[in-house]
Amino acid sequence: MIVHRGKTIEEVIELLAKYKDSKIIAGGTDVILDIKDNKIFPEALIDISSIEELKGIELKGDFIEIGAGTTFTEIAEDEIFEKNLHGLKKACKLIGSPQIRNRGTVGGNIVNGSPAADSIPPLLCLESTLIFESLEGIRKVKLEDYLKSKYRIKEHELLTKIRFKNPEGLLNFIKLAIRKALAISRMSIATLIELDEEEKVKDIKVASGSLGRYPMRELEVEEFLLGTILGEYTVDEAVNILQNAMEKRLKGRPTLPYKKRAVKSLLKEALNQRIRSSRRVIS
Amino acid sequence: MKRIGRGIGLSFYGTGYGNGFPDVSRAKVRLLKDGNVGIYVGGTEVGQGARTIFYQIGSETLKLSSDNISFITEDTSLMPDSGTAAASRQTYNTGNAIKIACENFMDRLREVAKRELKLNSTQGLKVNNGKIYLEFFPRKVISFKELAQKQKGNVIEAEGEFVAQTVEMDSETGQGAPYWPYTFNACGVELEVDVLTGKVEILKTRFAQDVGRAINPHLIEGQMDGGFAMALGYVLFEDLNINEGRIKNQKFSKYLIPTAMDMIDLENVIVEDPESTAPFGAKGVGEPVMIPIAPAILNAIYDAVGVRITELPATPEKLIEAIEDSKEGRVVKHG
Numbered sequence: 001m002i003v004h005r006g007k008t009i010e011e012v013i014e015l016l017a018k019y020k021d022s023k024i025i026a027g028g029t030d031v032i033l034d035i036k037d038n039k040i041f042p043e044a045l046i047d048i049s050s051i052e053e054l055k056g057i058e059l060k061g062d063f064i065e066i067g068a069g070t071t072f073t074e075i076a077e078d079e080i081f082e083k084n085l086h087g088l089k090k091a092c093k094l095i096g097s098p099q100i101r102n103r104g105t106v107g108g109n110i111v112n113g114s115p116a117a118d119s120i121p122p123l124l125c126l127e128s129t130l131i132f133e134s135l136e137g138i139r140k141v142k143l144e145d146y147l148k149s150k151y152r153i154k155e156h157e158l159l160t161k162i163r164f165k166n167p168e169g170l171l172n173f174i175k176l177a178i179r180k181a182l183a184i185s186r187m188s189i190a191t192l193i194e195l196d197e198e199e200k201v202k203d204i205k206v207a208s209g210s211l212g213r214y215p216m217r218e219l220e221v222e223e224f225l226l227g228t229i230l231g232e233y234t235v236d237e238a239v240n241i242l243q244n245a246m247e248k249r250l251k252g253r254p255t256l257p258y259k260k261r262a263v264k265s266l267l268k269e270a271l272n273q274r275i276r277s278s279r280r281v282i283s
Numbered sequence: 284m285k286r287i288g289r290g291i292g293l294s295f296y297g298t299g300y301g302n303g304f305p306d307v308s309r310a311k312v313r314l315l316k317d318g319n320v321g322i323y324v325g326g327t328e329v330g331q332g333a334r335t336i337f338y339q340i341g342s343e344t345l346k347l348s349s350d351n352i353s354f355i356t357e358d359t360s361l362m363p364d365s366g367t368a369a370a371s372r373q374t375y376n377t378g379n380a381i382k383i384a385c386e387n388f389m390d391r392l393r394e395v396a397k398r399e400l401k402l403n404s405t406q407g408l409k410v411n412n413g414k415i416y417l418e419f420f421p422r423k424v425i426s427f428k429e430l431a432q433k434q435k436g437n438v439i440e441a442e443g444e445f446v447a448q449t450v451e452m453d454s455e456t457g458q459g460a461p462y463w464p465y466t467f468n469a470c471g472v473e474l475e476v477d478v479l480t481g482k483v484e485i486l487k488t489r490f491a492q493d494v495g496r497a498i499n500p501h502l503i504e505g506q507m508d509g510g511f512a513m514a515l516g517y518v519l520f521e522d523l524n525i526n527e528g529r530i531k532n533q534k535f536s537k538y539l540i541p542t543a544m545d546m547i548d549l550e551n552v553i554v555e556d557p558e559s560t561a562p563f564g565a566k567g568v569g570e571p572v573m574i575p576i577a578p579a580i581l582n583a584i585y586d587a588v589g590v591r592i593t594e595l596p597a598t599p600e601k602l603i604e605a606i607e608d609s610k611e612g613r614v615v616k617h618g
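Here it is, written out as structure tokens:
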């Protein structure tokens with residue numbers, strides 16, 4: 001196996017075109033395990049961990065761009081995620097252990113494609129766009145569409161950025177895992193909620209992890225909650241709607257009865273926010 | 284929706300091999316050329332703190348700073364056998380052997396000192412702080428170092444052996460007194476059960492451990508914390524997931540043990556009631572510290588949500604299934 005350390009995006013996409021059977025390595029927290037377990041046998045490993053242009057978080061007008069090579073620690077420590085975007089910070093902080101968070105990257109989390117990937121549900125709520133680069137040019141795809149397999153990363157592509165509009169609402173994330181650290185999510189829920197003057201739901205996004213083959217938006221729940229006041233009845237009804245959706249999706253799975261019951265706790269907690277939009281003041 | 288419950292677990296545990304099985308520990312003590320004392324013992328340090336305890340017992344018996352004691356352990360060519368580091372027996376059994384060997388060694392020192400100091404008898408000779416002297420006429424003194432230098436080629440050493448008293452049980456009735464001594468403990472746990480997710484969170488623990496005599500309270504607390512953490516994994520997380528004879532959770536990413544974040548600060552209580560046959564009264568606690576934790580946690584779960592879990596681990600899924608069955612009035616054993 002050949003290992004190349006790329007210095008620029010340009011160099012990497014050329015290498016990707018050159019080696020048909022290659023694998024990109026950033027933090028290596030998933031790839032290394034796959035190699036050790038003999039799950040993959042790439043001809044070449046292309047190391048992107050020292051490419052500066054793939055790192056960092058940038059505010060561009062109303063938009064926020066996260067470089068695909070940004071680590072979970074870097075996201076969790078960036079003050080841009082202190083206020084209304086706290087849900088993304090929380091999701092990144094609950095991944096693995098400090099060592100894994102120092103190595104693992106948000107781009108890797110997305111392209112590795114685990115249904116339990118913790119950074120994805122909050123990014124789904126933010127209606128993120130993924131930006132891929134290759135010799136053929138730039139390809140933009142909505143994260144939501146990307147997850148539906150057809151638009152997945154191609155062999156010669158590099159995920160360079162994740163981009164989303166800085167929202168008015170408040171982002172929240174709740175994870176259920178067996179233990180408090182170093183544990184893969186059994187399931188997770190992210191919500192992005194904006195309330196109007198009368199405390200009614202002006203805008204809402206709900207996304208789940210490990211409730212299907214990939215993380216996904218829970219559109220029926222969103223539709224139901226839009227325009228309501230988040231009281232006991234509406235929240236209970238939202239839980240019912242989500243449980244019914246799960247029933248269809250996970251039919252026959254032995255984990256369904258447990259997940260159906262436990263999701264109630266997660267969704268309730270995720271919706272339990274009376275705090276009005278507190279969008280970060282951008283100077 | 285969370286419910287709080289409290290439970291206690293009690294245990295008593297016979298340390299040593301027991302049941303009539305020969306349980307022998309030996310140690311050897313020698314005056315080294317530089318005047319320091321070497322203690323040769325087969326007791327193995329496996330992280331439980333045996334070496335520290337052995338130093339303390341040797342130092343206390345010899346009335347000598349541990350700086351002047353060398354421990355030579357874990358090499359069968361150099362030392363007598365002290366049995367296994369198992370059955371929570373090293374403090375009590377090997378501790379006794381070291382104490383006896385040190386006492387025999389001090390008798391040897393007095394005899395050699397009697398000769399060197401040209402005395403009639405060993406009566407009134409004290410061994411303290413690396414010196415042997417006549418208590419009522421302290422000018423009659425010789426240090427370990429001087430003694431060592433004068434013994435050209437003659438080694439001053441002594442051995443000690445401790446044979447534990449164990450009685451075989453009646454094979455017909457199973458009755459008898461198979462162990463001595465016993466160690467006792469009690470653990471009280473307060474916890475919270477999330478009745479939707481089945482997650483258990485330990486809130487508070489008070490753990491009382493009888494030790495005979497605490498030779499090293501810090502090490503005992505370490506054992507208590509460790510026993511609790513190990514039991515916490517045993518009760519809530521650790522699952523081999525055996526399917527048709529194959530272990531499915533064959534790595535630590537699947538076979539979960541608690542992390543530091545799952546552990547809580549324990550309120551540990553050390554109970555001292557010296558055991559007359561033990562070295563300075565101290566008994567073993569290595570295994571006992573794990574035993575009462577599982578019943579305490581399971582009793583607290585029962586107190587919180589009214590279900591009895593009879594197979595470990597008490598995973599969130601198992602707990603939820605048990606809670607749902609109990610609501611429907613089904614009597615199902617969960618396990």
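From first to last, the protein sequence lines are chains W and U.
Just so you know, this note's numbering puts 257 at position 257 of the first sequence, and the rest follows in order with no gaps.
Just so you know, this note's numbering puts 573 at position 290 of the second sequence, and the rest follows in order with no gaps.
For each residue, glycine too, the CB sits at the ideal point set by N, CA and C.
Alpha-carbon to alpha-carbon, residue j and residue i
i      : j      : result
W:L123 : W:F164 : 8 Å
W:D118 : W:N109 : 8 Å
W:I241 : U:S536 : 33 Å
W:V281 : W:F63  : Caution is warranted here: a pLDDT of 36 is assigned to W:V281, below 50, making its placement in the model unreliable, and the coordinate value is therefore given only provisionally. Each residue's Cα considered, the two are about 14 Å apart.
W:G27  : W:I2   : 17 Å
W:K148 : U:N468 : 57 Å
W:S277 : W:E82  : Only weak support is given to the placement of W:S277: the predicted model assigns it a pLDDT of 43, under 50, and the value that follows is read from those uncertain coordinates. Distance between the alpha carbons of W:S277 and W:E82 is about 13 Å.
U:T374 : W:C125 : 60 Å
U:L392 : U:G459 : 43 Å
W:V106 : W:S49  : 12 Å
W:I162 : W:Y146 : 12 Å
W:L211 : W:P115 : 8 Å
U:F445 : U:A369 : 16 Å
W:L266 : W:K89  : 18 Å
Selected residue, minimal CA-CA separation from residue i, among the options
i      : options                           : result
U:G509 : U:V572, U:P562 and U:S559         : U:V572
U:D545 : U:S365, U:P363, U:R313 and U:L474 : U:L474
W:R261 : U:D306, U:R422, U:K601 and U:E451 : U:K601
U:E328 : U:T356, U:R591, U:E442 and U:K414 : U:T356
U:T466 : U:P305, U:R489, U:G567 and U:D586 : U:G567
U:L486 : U:S294, U:F419, U:G471 and U:T456 : U:G471
W:G137 : W:I9, W:M1, W:D118 and W:A245     : W:I9
W:I80  : W:I193, W:K60 and W:V3            : W:K60
U:L595 : U:G318, U:I580 and U:K531         : U:I580
U:G564 : U:K382, U:L408 and U:A369         : U:K382
U:D390 : U:V410, U:R289, U:M362 and U:E611 : U:V410
U:G550 : U:V518, U:G366, U:R489 and U:E558 : A small correction: the amino acid at residue 550 of chain U is Glu; Gly does not occupy that position in the sequence shown. The candidate whose alpha carbon is nearest that of U:E550 is U:R489.
U:Q506 : U:T456, U:S371, U:P557 and U:K428 : U:S371
U:G495 : U:V552, U:F520 and U:T359         : U:V552
U:G292 : U:A605, U:I584 and U:I603         : U:I584
W:A183 : U:I503, U:Y517 and U:Y538         : U:Y538
U:T344 : U:G457, U:I503, U:D548 and U:N412 : U:N412
Sequence-distant residues of the same chain with beta carbon closer than 6 Å to residue i, five excluded per side
i      : result
W:N112 : D30
U:K414 : V424 and S426
W:V221 : V206, A238, I241 and L242
U:D477 : K285
Residues of its chain near residue i, where Cβ-Cβ distance is below 8 Å and the 5 sequence neighbours each way are ignored
i      : result
W:R101 : T71, F72, T73, A76, C92, K93 and I95
W:D34  : I40
W:V201 : I193, E194, L195, L225, L226, G227, T228, I229 and L230
W:S22  : L15, L16, P42, E43, A44, L45, I46 and E155
U:E438 : Checking the displayed sequence, the identity of residue 438 of chain U turns out to be Val instead of Glu. Cβ neighbours of U:V438 beyond the five flanking positions: R313 and L314.
Counterpart residues of residue i in DSSP-defined beta bridges
i      : result
W:I66  : W:I57 and W:I162
W:A190 : W:F173 and W:A207
W:A44  : W:I2 and W:S22
W:L130 : W:V141 and W:I162
U:K409 : U:Y416
W:T71  : W:T105
Sequence-distant residues of the same chain with beta carbon closer than 7 Å to residue i, five excluded per side
i      : result
U:N499 : G332, T335, I336 and Q339
W:Y19  : E43 and A44
W:G87  : P122, L171, N172, F173 and A190
U:T405 : R393, E394 and K397
Closer than 8 Å to chain B by CB, residue i
i      : result
W:K165 : In the displayed structure, chain B is absent; the protein chains listed are W and U.
Query raised in the report: If you scan the segment 411–493 of chain U from start to end, which runs of the alpha helix (DSSP H) of 4 or more residues do you find wholly inside it?
Result: Counting only runs of 4 or more, we get 427–433.
Query - Every unbroken beta strand (DSSP E) within the segment 304–390 of chain U, with a cutoff of 3 residues, ordered by chain - result: Secondary structure within the segment 304–390 of chain U: the beta strand (DSSP E) runs of 3 or more consecutive residues, fully enclosed, are 307–314, 320–324 and 352–356 (chain order).
Query raised in the report: Which whole runs of the beta strand (DSSP E) in the segment 531–566 of chain U are 3 residues long or more, in chain order?
Result: List check, beta strand (DSSP E) in window: 550–555.
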